[in-house]
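**Q** Chains as they are written, first to last, in the numbering used here: chain A, 489 to 623; chain B, 489 to 623; chain C, 489 to 623; chain D, 489 to 623. My structure is below; once you've seen it, I'll send some questions.
4 protein chains.
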Amino acid sequence: MHEYKRTIHFADTDAAGVVFFPNFLAICHEAYEESLAAAGIELNTFFGAHAVLVPVAKSAAEFLRPLACGDRISVGLRARPTGVDGYAIDYEVRRLGPPDKLAARVRTEHVCISARSRERQALPAPLAAWLKANA
Amino acid sequence: MHEYKRTIHFADTDAAGVVFFPNFLAICHEAYEESLAAAGIELNTFFGAHAVLVPVAKSAAEFLRPLACGDRISVGLRARPTGVDGYAIDYEVRRLGPPDKLAARVRTEHVCISARSRERQALPAPLAAWLKANA
Amino acid sequence: MHEYKRTIHFADTDAAGVVFFPNFLAICHEAYEESLAAAGIELNTFFGAHAVLVPVAKSAAEFLRPLACGDRISVGLRARPTGVDGYAIDYEVRRLGPPDKLAARVRTEHVCISARSRERQALPAPLAAWLKANA
Amino acid sequence: MHEYKRTIHFADTDAAGVVFFPNFLAICHEAYEESLAAAGIELNTFFGAHAVLVPVAKSAAEFLRPLACGDRISVGLRARPTGVDGYAIDYEVRRLGPPDKLAARVRTEHVCISARSRERQALPAPLAAWLKANA
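Dropping the structure here:
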């Protein structure tokens, strides 16, 4: 399981004084990017080099506690295959305490497609390795 | 059913060249805000005046087609009660053609709570009226 | 002069209850995109087709009045050449009344470069025509 | 001088493949928030407790180099008083190398006002101390 920590910033919040709900998904995507980087997958070159895209096909989220500017959070993620050509990622967003409190549960489902034909294709080996390491 | 139209802007997109998936949810929230405004509910004063909040408790989305900068879209929404103290909204995001193409389906679930106690409470009358009008 | 109207949304605001200052610049960029589209310049294909980029090299802004969720605004823009290879755009963001109130003045300076070499180059003809029409 | 490090994320970028220019300002604001937090100023409670706001009245920026997803950056900031009731902050955004490269210079000017009357007022003592420490 990969864990990503950061602080809630003004840019994450809205006029209700707390994190705007779509930004929880953006924050989870940051955790995903960091976990790819930790596996040696460089976002800026990997997808071009392999001529694939792995777009998010579905997302689901439960928002359990509001997060405010300055809150320290931790995002844990676990990935699992949904076939040879995709994976699902489960995220838990915690507000760090003490005590830590679960603030949101998020899931994203990704499908690997050819950048050219947009047809489904098997995950490139480094992505399959990342998937195994983050199960 | 309320319908909201707008154009995809650079700020909506990411380095993959298309709308960043959390921004689909933000765009749907715009459609929701516009439908409240059309019912005479002023976002900037209504919630304070009624001492309630109606945060998003859950979201779900299916992303069917990428949207690019300059694309014209329409967001249709339908709301339905989930009890006396909440509602769900189903959105369909279409890329305007011809032919129009369904780009995403999004759902948000909202719970009405007291701004003071954060306990669940019945929807204020204008919100119940908006709900009926957008079923 | 091109004029662009829209409503302030939750996504534009921060925990201070008003538009987060970088979002004024993003809103002005929307007005710029709309004025290009009005001149027949399709954002999604134009820059690729002409193998140019016109990045923002400088920005400046004065924030005169806060804008809140639900506010109706108008963004007026005027462009002027800064050479054969660039232009500056002056924006005025007004909160629509009555009475209208000036909320911000923004300027962006753009430089036209080759997408390949990143060297400065003259504006493609359609962009030069847009510039003349929006002076 | 305070220094803030982070990685460029997908959410920071646009369809041109690099950081959307208003997001440079949002990233600099993160550095400012972190420097306040490092001085013991809690964003979520400080301004309410002191009944002041310190909005950005002006911003200026030079964008020197594009930043891409995955780039590691450092934001250095220096603040200086502009009177008893305000300050300016100069930021340098560097892409970490080797070699490090200057990517942007940003300035924000802040004015301290009463949250009630919106009239200018002297900086609260902790903010004056932060200012001295970050000169």
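By construction, the Cβ of each residue, glycine as well, lies at the ideal position given by its N, Cα and C atoms.
Quick one: using the 10 Å Cβ neighbour count with 16 as the cut-off for buried, is ALA549 of chain B buried or exposed?
**A** With 16 or more other CB atoms across the displayed protein chains lying within 10 angstroms of its CB, ALA549 of chain B is buried.
**Q** What are the uninterrupted segments assigned as alpha helix (DSSP H) that are 4 or more residues long and contained completely in the region 505-558 of chain C, given in chain order?
**A** 509-526 and 531-538
**Q** When burial is assigned at 16 or more other CB atoms within 10 Å of the CB, is THR533 of chain B buried or exposed?
**A** Result: exposed.
**Q** Apply the 10 Å Cβ neighbour rule to SER429 of chain C and answer buried if 16 or more other Cβ atoms are within range, or exposed otherwise.
**A** As shown, chain C starts at 489 and ends at 623. That puts residue 429 of chain C outside it, with no answer to give.
**Q** Assuming ILE561 of chain B contacts ARG583 of chain B under a Cβ cut-off of 8 Å, what Cβ separation, rounded to an integer in Å, is found between them?
**A** Taking 8 Å as the upper bound for CB-CB distance, ILE561 of chain B and ARG583 of chain B are in contact here, some 6 Å apart.
**Q** Under the assumption that ASP573 of chain A contacts GLN609 of chain A (Cβ atoms under 8 Å), give the Cβ distance between them as a whole number of angstroms.
**A** 6 Å
**Q** Just list the residues that DSSP pairs ALA598 of chain B with in beta bridges.
**A** This sequence places His at residue 598 of chain B; Ala is not what is there. DSSP links HIS598 of chain B through a beta bridge to B:VAL544 and B:TYR575.
**Q** What do you get for LEU524 of chain C, buried or exposed, if any count of 16 or more other CB atoms within 10 angstroms of its CB means buried?
**A** buried
**Q** Do PHE508 of chain B and HIS517 of chain C have their C-beta atoms closer together than 8 Å?
**A** A distance of 8 Å or more separates the beta carbons of PHE508 of chain B and HIS517 of chain C.
**Q** Could you work out which residues of chain C lie near PRO612 of chain D, taking near to mean beta carbons separated by less than 8 Å?
**A** Near PRO612 of chain D there are no residues of chain C at all, since even the closest Cβ is about 16 Å away, more than 8 Å.
**Q** Closest by CA to ALA617 of chain B, which one among B:ALA519, B:ALA527, B:ARG494 and B:LEU513?
**A** B:ALA527
**Q** Please return the same chain residues whose Cβ sits closer than 6 Å to the Cβ of ILE601 of chain D, not counting the five positions on each side in sequence.
**A** LEU541 and ARG608
**Q** Would you please verify whether the beta carbon of PHE498 of chain D is less than 8 Å from any beta carbon of chain C?
**A** no
**Q** Excluding the 5 residues flanking PRO614 of chain A on each side, which residues of the same chain have their C-beta closer than 6 Å to its C-beta?
**A** ILE529
**Q** Run down chain C in chain order and give the residues with a C-beta less than 9 Å from the C-beta of THR501 of chain A.
**A** THR501, ASP502, ALA503, ALA504 and PHE508
**Q** Return helix, strand or coil for ALA621 of chain D, following the three-state DSSP convention.
**A** If DSSP states are grouped into helix, strand and coil, ALA621 of chain D belongs with the helices.
**Q** I want to see whether chain C comes within less than 8 Å of CYS516 of chain A, judged by CB atoms only; does it?
**A** no
**Q** Out of C:ALA603, C:PRO612, C:LEU619 and C:LEU590, point me to the one whose CA is closest to PRO554 of chain C's CA.
**A** C:LEU590
**Q** Under 8 Å, Cβ to Cβ, is there at least one residue of chain D near SER602 of chain C?
**A** no
**Q** For ALA623 of chain B, which residues of its own chain have a beta-carbon under 7 Å away from its beta-carbon, when the five flanking residues on both sides are left out?
**A** ARG566, ALA567 and ARG568
**Q** Is the separation between the beta-carbon of VAL581 of chain C and that of PHE512 of chain C shorter than 8 Å?
**A** yes
**Q** For TYR520 of chain C, which residues of its own chain have a beta-carbon under 7 Å away from its beta-carbon, when the five flanking residues on both sides are left out?
**A** Within the same chain, TYR520 of chain C has close Cβ partners LEU565 and ILE577.
**Q** Scan the region 551-577 of chain C for residues whose Cβ lies nearer than 9 Å to a Cβ of chain D and list them as they occur along the chain.
**A** Correct list: PHE551, LEU552 and PRO554.
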